[in-house]
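Chemist: Dropping a structure here in structure tokens format, bear with me for questions.
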Amino acid sequence: MHKLIILVESTATPDFHVFWPRFLHAAEDIPGLRREATSRVSQVIYGELACSMIHELYFDSYAALKLGLASESGQEAGRLLQEMTGGTVKLIIADHSEDDLENIRRYKTNG
């Protein structure tokens, strides 16, 4: 699984909250999108990071992600991101895997 990680520096830019629902609508129409997640940053514990929101778009593969972003909906979502953030958005593509702690503990050795 691959994901596009969107780092939004500030949600206080003019009209951000007008554009955000439009962005979500476009993003949710991207072909190949499997799920999405939004996190509002409460605190940066260490290091320098100007980020108030993280939004993630998940795809089955890197190829599916690339095709989705190149689609009409993907291009529209990108345009809206640029417009609502004044171009300060950061985009990262990452290979994604996860596991439940319950499953991990089954394989933990004792001692």
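Residue numbers (this note's numbering): 204 to 314.
Heads up, the beta-carbon is just placed ideally off N, CA and C, and yes, glycines get one too.
(1) Expressed to the nearest angstrom, what Euclidean distance is found between the alpha-carbon atoms of S300 and V244?
(2) Please state if the CB of L294 and the CB of R225 are separated by a distance shorter than 7 Å.
(3) So, under 8 Å CB-CB, A230 and A280 are touching, yes? Tell me the CB distance rounded to an integer number of Å.
(4) Whose C-alpha, out of R308, I307, N306 and Q285, is nearest the C-alpha of V211?
(5) Using CA coordinates, which residue listed in T214, I208, A215 and G235 is at the minimum distance from S276?
(6) DSSP on M256, reduced to helix/strand/coil?
(7) Would you report the Cα separation of T288 and T312, rounded to the nearest angstrom?
(8) Roughly how far, in whole angstroms, is the beta-carbon of L272 from the beta-carbon of K206, given that I think they are within contact range, below 8 Å?
(9) Bridge partners for Y261 per DSSP, in chain order?
(10) In angstroms, rounded to a whole number, what distance separates the CA positions of P217 and R237?
(11) Indicate the three-state DSSP secondary structure (helix, strand or coil) for I307 in the structure shown.
Modeler: Concretely, from the data shown:
(1) 22 Å
(2) no
(3) 4 Å
(4) Q285 is the residue among R308, I307, N306 and Q285 whose C-alpha sits nearest the C-alpha of V211.
(5) Closest option to S276, judged by alpha-carbon separation, among T214, I208, A215 and G235: G235.
(6) In this structure, M256 counts as strand in the three-state DSSP scheme.
(7) 48 Å
(8) Contact flag wrong, Cβ pair sits at about 12 Å.
(9) According to DSSP, which records beta bridges pairwise, Y261 is partnered with K206 and R238.
(10) 30 Å
(11) Three-state DSSP puts I307 in a helix.
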